[in-house]
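S.K.: One structure is given below, represented as structure tokens, and several questions about it will come after.
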Amino acid sequence: MGKRRLGLLALGGAAGAVGALALREGLQRRSDRFHFEAGREYWRLSYPPEYVEWVEEHLTTYHIPAGDVGIHLDVYPQSERTAPVVILVHGLMTYGRLFVQIAHALYERGYTVVCTDIVGNGYSGGVRGDCPVGPATASVVQCALWVRQRFDGPLYMLGISLGGAIVYAAAAAGAPVSAISCLDLFLFDDPVGLRRMVVQPRLIGLLPLLRLLAVPFGWVRVPTSLLNTLEHVVAPEEQGTAQAWMFDPLLTHQLTLRTLVSAASTHPAVQPERNTVPTLVMNQECDQVLDPAVTRAVYGRLGGPKKYVEFAGSPHWSFTHAFQDRIAAESDAWFQRYGAQTHAPSTAVVGHSV
């Protein structure tokens, strides 16, 4: 009788825990809707007036279908349909509108620029932070197919941080690109590498258990602070700028359990050794978010045309014009090798994000 009571108590406790998680998730989704509406125009506070004016003058937005939800695109079109096109894919906890400086730098070099928000991020549909590697990659492929139908120029992709890994996965999955550029590169089937890129490495040791839990509880969200913290992202002198940036209501501060599990258990359609897509890999020497050695190791495995560039003394990210313009310049030089007919920027917007 005692064992039966204990069993019933355990079952009741488990049911109560699940109920509490479901209630928390319901409240979180209501909060998500509030933050989404409140944050639509917050991006304006991240830039000096000249950048905001440039966006207002050049931006066209689209919402296209991708899987069960729609994805948002910020498009800065050149006047000619034959201009080269670059799709910019953001990293973790960010979205496309926060990369206006790079978009502007590429636009000034002659590109039509498309900034896509990965499903579950920014202005795109889906539960906030629910962006497993498979659907995230598929949404980028869908974006590339949409661009291919709408524009006639050669197509390229540039991925930032997590976006670098997604860009490689999308190209491997068949996105019709002439070349890609990755600021950081890792694979989503490498738990050992992932262990070197998170604040709590022990979390990766729990992957077998997390995979089991993700089957019934994949919707449960965990804080991104388990993966990385702000002080690792930028140099000390830019911490104040980063803190202000983090108040953006559209930033994702949680990831679903299924998203976390997918980051260490999703094989690319083409392993690096069999890659044929021309790939530029950029790496930050002093990166404390994504271990530079992981990016170097993946670059070493890459087949096909490739180039490696290391930013000496650079942290994971910088809000400075010099850092972001170099990303655009290196990418442009690489894309020109594979069909992009561009030019040096005629003007430059001076200033930094605040």
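Okay, so the sequence shown: first residue is 650 according to our numbering, each after it adds one.
Yeah, the Cβ is synthetic: ideal placement off N, Cα and C, and Gly gets one too.
How big is the Cα-Cα spacing for Ile-713 and Val-763?
M.R.: Cα to Cα, Ile-713 sits roughly 13 Å from Val-763.
S.K.: Taking the alpha carbon of Leu-807 as the point to measure from, which residue in Leu-794, Ala-821, Ala-828 and Val-796 has its own alpha carbon closest?
M.R.: Nearest C-alpha to Leu-807: Ala-828.
S.K.: Specify the secondary structure class of Arg-758 as computed by DSSP and reduced to three states.
M.R.: It is coil, neither helix nor strand.
S.K.: Could you check what DSSP says for Leu-951 in three-state terms: helix, strand or coil?
M.R.: In the structure shown, Leu-951 sits in coil (DSSP, three-state: anything other than H, G, I, E or B).
S.K.: My output table needs one value for Gln-727: the three-state DSSP class, helix, strand or coil.
M.R.: Reduced to three states, the DSSP call for Gln-727 is coil.
S.K.: Label Arg-746 either buried or exposed according to how many other C-beta atoms from any shown protein chain fall within 10 Å of its C-beta, with 16 as the threshold for buried.
M.R.: Arg-746 comes out buried.
S.K.: Roughly how many whole angstroms lie between the Cα atoms of Pro-941 and His-739?
M.R.: Cα to Cα, the separation comes out at about 19 Å.
S.K.: Please classify Phe-984 as buried or exposed, where buried requires at least 16 neighbouring CB atoms within 10 angstroms.
M.R.: It is buried - the Cβ of Phe-984 has at least 16 other Cβ atoms within 10 Å.
S.K.: Hey, could you find the ends of the alpha helix (DSSP H) Ala-818 is sitting in?
M.R.: Ala-818 -> alpha helix (DSSP H) spans 811-821.
S.K.: How far does the alpha helix (DSSP H) with Cys-792 in it reach, from first residue to last?
M.R.: Here the alpha helix (DSSP H) through Cys-792 covers 782-799.
S.K.: In the DSSP assignment, the beta strand (DSSP E) including Thr-710 goes from what residue to what residue?
M.R.: Counting along the chain, the beta strand (DSSP E) containing Thr-710 begins and ends at 709-715.
S.K.: To the nearest angstrom, how far is it from the Cα of Pro-803 to the Cα of Thr-925?
M.R.: Spanning the two alpha carbons is a distance of roughly 17 Å.
S.K.: In this structure, does DSSP put Gln-750 in helix, strand or coil?
M.R.: Three-state DSSP puts Gln-750 in a helix.
S.K.: Whether or not the region 893-905 and the region 834-850 are in contact is what I'm after, with contact meaning three or more pairs of Cβ atoms, one per stretch, closer than 8 Å; do they touch?
M.R.: At 8 Å Cβ cutoff, the stretches do not touch.
S.K.: Find out if the Cβ-Cβ distance for the pair Ala-715, Thr-761 is shorter than 8 Å.
M.R.: Not in contact: Ala-715 and Thr-761 (Cβ atoms no closer than 8 Å).
S.K.: Measure the Cβ-Cβ separation of Ala-793 and Ile-736 and say whether it is below 8 Å.
M.R.: Yes, the Cβ-Cβ distance between Ala-793 and Ile-736 is below 8 Å.
S.K.: Since Gln-787 contacts Ile-815 with CB under 8 Å, what's their CB separation in whole angstroms?
M.R.: The sequence given here has Ala at residue 787, not Gln. Not quite, the Cβ-Cβ distance comes to about 10 Å (not below 8 Å), so this is no contact.
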